[in-house]
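The sequence shown begins at 328 in this note's numbering and counts up by one.
One structure below.
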Amino acid sequence: MKNASFDAFAALLADMGNAFIRAGRYVARAMASMSWPALLVSCVALALAITIIPLALFLFVIFMTARMVVIACASRKRRGPATPYRTVGDAGE
């Protein structure tokens with residue numbers, strides 16, 4: 328007996344593979360019809376996108392982490408020091 332969920336997953340992977348193959352053929356045809364200057368511009372634009380987008384995401388994560396650390400330190404100063412645990416009978420001491 329075959330697993331129905333595995334068959335569905337295999338069909339999904341096959342569809343994804345076909346979609347990637349179609350996209351690759353489309354890009355190859357588009358690149359073959361481009362002139363050399365247009366191909367150069369598209370390669371430079373792709374290189375910039377591949378470089379800039381991860382850098383922007385990395386800097387966003389770094390600055391958000393730094394912001395959270397600063398906010399945590401500032402709120403700790405506002406709250407004051409932590410008080411030690413005291414039992415109910417220690418109210419007078």
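No residue lacks a Cβ here, since even glycine has one placed at the ideal position from N, Cα and C.
These figures come from a predicted structure and were not determined experimentally.
Taken through DSSP and simplified to helix, strand or coil, ASN345 comes out as helix. The beta carbons of MET358 and LEU367 sit no closer together than 8 Å. The DSSP-derived three-state label of MET361 is coil. Under the three-state reduction of DSSP, TYR412 is assigned to coil, being neither helix nor strand.
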